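Before any comments, here is the structure.
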Amino acid sequence: MFDPYALVLYGDYLGGGAPLAFGAVNAYARRVTERTAGRLCSVSREEDGVMRRTLRGSKDPDEVLQRMAWWVVRLPAMPFRLRATVTRLAKRKALEAFVAWLVRHGVPLVSEFTFCDLASLDEYAGLLTHCDAVTVKDCPEANMMTSFTGLSSLRCVSLYRCGVTNIGPLGTCAALESVTIGDCTELRSLEGIESLKRLKTLHIQLCRINSIAPLASCEALEEVSMVKCPLTSLQALEDHSRLRTFSLCWSDVPDLHALRTCPNLKDVRLQWCDSLTSLDGIENHTKLQQLRIIGCRLTSIIPLASCEALEEVSIENCRALTSLQGLEDHSRLRTFSLCWSDVPDLHALRTCPNLKDVHLQRCDSLTSLEGIENHTKLKAFRVDDGRLTSITLLSSCEALEKVSIVRCPLTSLEGLEHHSRLLDLTVSACNIPNLLVLRTCPNLESLRVQQCFCLASLWGIGNHMKLKNIDRWWLRLHQYRATCLLRSAGGGIH
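Just so you know, the sequence shown maps onto residues 1 to 494 in UniProt numbering.
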């Protein structure tokens, strides 16, 4: 029986891919031979359930057309995706002719163009007509958005470092689903966006936009990100029932009250919002799964108590926070990270039975692991720059697979004994005198010990037959003994 895929393997073995002629045997053979190495400057892949042929690289349009014209129109016709970067030196007329040829021969076309460093987009109106996605970079023209008027096929627009002052013409692109605007410092308003009933994703960064009022009528919004914009209110996001992801960074917004009426929120990220002192507005979000907070002035996370679907929580550089009250009884919480914090204890984690990953960094007030004990599903535990002197409470965390202790006044590895599932251990800049505890960790595969100057012996790892990786570290004393023990362990020094 004919197997086109075997031809692909045969061609790959010889370094040339499957012969072009085999793709003409039948539709299946054509699909398989094109899917891997590609034929005639293009490669076919499945996108959103539809097989499309995509033009690879930045080939000369004239060259591509001459080589693949007969192949593109050969039945069964396949939708064509054209990706191209257009600069001042690009052959605009040749590219337009290539697009016109595809349209004339009835080949379904989706185009993705990136325009770089152009004085104007007026000359490219013909190309924009067939665009599915457009990215514009470093275009200083203030009125360039007029070229986007009435583009019915456009689904995605990205603008970077442009002189645009008005995005009103985007409101005439009825199919638009995604808008990204970055570092367009002259843009002060989102007027025009209110007409986009299909808009799902909006990312704004480093713009002078001080109001998002036009978003009030964008009912299809699923993802919103605002970074370094002079916003003072989120009121326009009220009652957005489809909003799932929200990110706010470097903002003076004082509260999150508008999010109360966004019942399907799943992911919230708040970074360096100096005016934000409370999580009021987050409470009762029963579908919220991920929360990341960095550099905010929060004094409490109690509103999280009613967010019972939480799976991942990360809190960094929130110095005003002194308690984890609000995380109790979160049975779905799996990942927890606390960095640069003055929280004194982890007692709230006692009632989070499904914790799998805990990371603590620069928690100067934290001197004990009370709250971590008896977490039978905990697999990864990491402490950086802490004040822990003991990890004995890890003895009851029998599922541990990876442990990392870096720059802590730790004097013993007691607590890791009999951890039969432990695979990876890192100890750096600690005061441990020996590795004897590791004798009872039979499945250890990777060991990193660095700058532990109190360590004078390798006893404890000599019989680890599964030990594969030992990072480069050396003892100033007992150098010969260390070499012998490493060889007997079956490992090596990298």
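Every residue gets a Cβ at the ideal spot worked out from N, C-alpha and C, and that includes glycine. From a predicted model like this one, the values you see are computed outputs, not experimental measurements.
> Among all the DSSP beta bridges, which residues are the ones paired with Phe115?
Replying inline: Indexing the sequence shown from 1 puts residue 115 at position 115. Beta-bridge partners of Phe115 (DSSP): Val86 and Val136.
>> Am I right that Cys218 and Leu199 are in contact with their C-beta atoms under 8 Å? What's the rounded C-beta distance?
In response: Taking the first residue of the sequence shown as 1, we reach residue 218 at position 218. Taking the first residue of the sequence shown as 1, we reach residue 199 at position 199. Sure, about 5 Å apart at Cβ, within 8 Å.
> Roughly how many angstroms separate the alpha carbons of Ser396 and Glu311, rounded to a whole number?
Replying inline: In the sequence shown, the residue the question calls residue 396 occupies position 396. In the sequence shown, the residue the question calls residue 311 occupies position 311. As the crow flies, the alpha-carbon of Ser396 is around 22 Å from that of Glu311.
> By a C-beta neighbour count over all protein chains shown, 10 Å radius and 16 as the cutoff for buried, is Val103 buried or exposed?
Replying inline: Working through the sequence shown from its first residue, we reach residue 103 at position 103. Within 10 angstroms of the beta-carbon of Val103 lie fewer than 16 other beta-carbons, which makes it exposed.
>> To the nearest angstrom, how far is the alpha carbon of Trp473 from that of Cys452?
In response: Within the sequence shown, residue 473 is the residue found at index 473, counting from 1. Within the sequence shown, residue 452 is the residue found at index 452, counting from 1. For Trp473, the pLDDT reaches just 47, beneath the cut-off of 50, and the residue's location in the model is therefore unreliable, although a value from the coordinates is still provided. Going from the Cα of Trp473 to the Cα of Cys452 covers about 10 Å.
> Using a Cβ-Cβ cut-off of 6 Å (strictly less than) and excluding sequence neighbours within five positions of Phe381, which residues of its own chain qualify?
Replying inline: Taking the sequence shown and counting its residues from 1, the one referred to as residue 381 is at position 381. Within the same chain, Phe381 has close Cβ partners Val358 and Val403.
>> Quick check on the DSSP output: the alpha helix (DSSP H) that includes Arg198 runs from which residue to which?
In response: As a position in the sequence shown, residue 198 is number 198, starting the count at 1. Segment: none, Arg198 is in no alpha helix (DSSP H) and carries neither H nor E.
>> Between which residues of its own chain and Asp117 is the CB-CB distance below 8 Å, once the five residues before and five after are set aside?
In response: Your numbering for residue 117 matches position 117 in the sequence shown. Hits under 8 Å: Thr87, Arg88, Lys137, Asp138 and Cys139.
> In terms of DSSP beta bridges, what is Gly182 paired with?
Replying inline: Here residue 182 corresponds to residue number 182 of the sequence shown, with the count starting at 1. DSSP output for Gly182 lists Tyr160 and Gln205 as bridge partner(s).
> Where are the alpha helix (DSSP H) runs, 4 residues long or more, that stay fully inside the region 261 to 310, in chain order?
Replying inline: None, since the region 261 to 310 contains no complete alpha helix (DSSP H) of that length.
> Buried or exposed: where does Gln289 fall if 16 or more other Cβ atoms within 10 Å of its Cβ makes it buried?
Replying inline: In the sequence shown, counting from the first residue as 1, residue 289 sits at position 289. A residue is called buried when at least 16 other Cβ atoms come within 10 angstroms of its Cβ; Gln289 meets this threshold and is buried.
>> Measuring straight from C-alpha to C-alpha, what distance separates Ile301 and Val449?
In response: In the sequence shown, the residue the question calls residue 301 occupies position 301. In the sequence shown, the residue the question calls residue 449 occupies position 449. Take the alpha-carbon of Ile301 and the one of Val449: they are about 37 Å apart.
>> To the nearest angstrom, how far is the alpha carbon of His285 from that of Lys228?
In response: By one-based count along the sequence shown, residue 285 stands at place 285. By one-based count along the sequence shown, residue 228 stands at place 228. Between His285 and Lys228, the C-alpha separation is close to 26 Å.
> Does the beta carbon of Lys93 fall short of 6 Å from some heavy atom of the ligand COA?
Replying inline: Questions concerning the ligand COA fall outside what the structure shown contains, since it holds no ligand whatsoever.
>> Could you tell me the alpha carbon to alpha carbon distance between Ser306 and Ser457, rounded to whole angstroms?
In response: Stepping through the sequence shown from its first residue, residue 306 is reached at position 306. Stepping through the sequence shown from its first residue, residue 457 is reached at position 457. Rounded to whole angstroms, the gap between the alpha carbons of Ser306 and Ser457 is 51 Å.
> Are the Cβ atoms of Ala399 and Thr376 separated by less than 7 Å?
Replying inline: For this step, residue 399 is matched to residue 399 along the sequence shown. For this step, residue 376 is matched to residue 376 along the sequence shown. A contact, by the Cβ cut-off of 7 Å.
>> Across the region 308 to 326 and the region 347 to 355, are there enough close Cβ pairs to call them in contact, namely three or more that are closer than 8 Å?
In response: Contact between the region 308 to 326 and the region 347 to 355 is present, with at least three C-beta pairs closer than 8 Å.
>> Residues in the same chain with beta-carbon distance under 7 Å from Glu149, minus the five sequence neighbours each way, listed in chain order, please.
In response: Working through the sequence shown from its first residue, we reach residue 149 at position 149. The amino acid occupying residue 149 in the given sequence is Thr; Glu does not appear at that position. If we look at Thr149 and ignore the five residues flanking it on each side, its Cβ neighbours are Pro169 and Thr172.
>> Please classify Arg476 as buried or exposed, where buried requires at least 16 neighbouring CB atoms within 10 angstroms.
In response: Position 476 of the sequence shown, counting from 1, holds the residue named residue 476. Its pLDDT being 41, under 50, Arg476 is placed unreliably by the model, and the measurement read from it follows with that caveat. Arg476 is exposed by the Cβ-count criterion.
>> Could you tell me the alpha carbon to alpha carbon distance between Asn143 and Ser189, rounded to whole angstroms?
In response: On the sequence shown, residue 143 is found 143 positions in, with the first residue counted as 1. On the sequence shown, residue 189 is found 189 positions in, with the first residue counted as 1. Roughly 14 Å separates the two Cα atoms.
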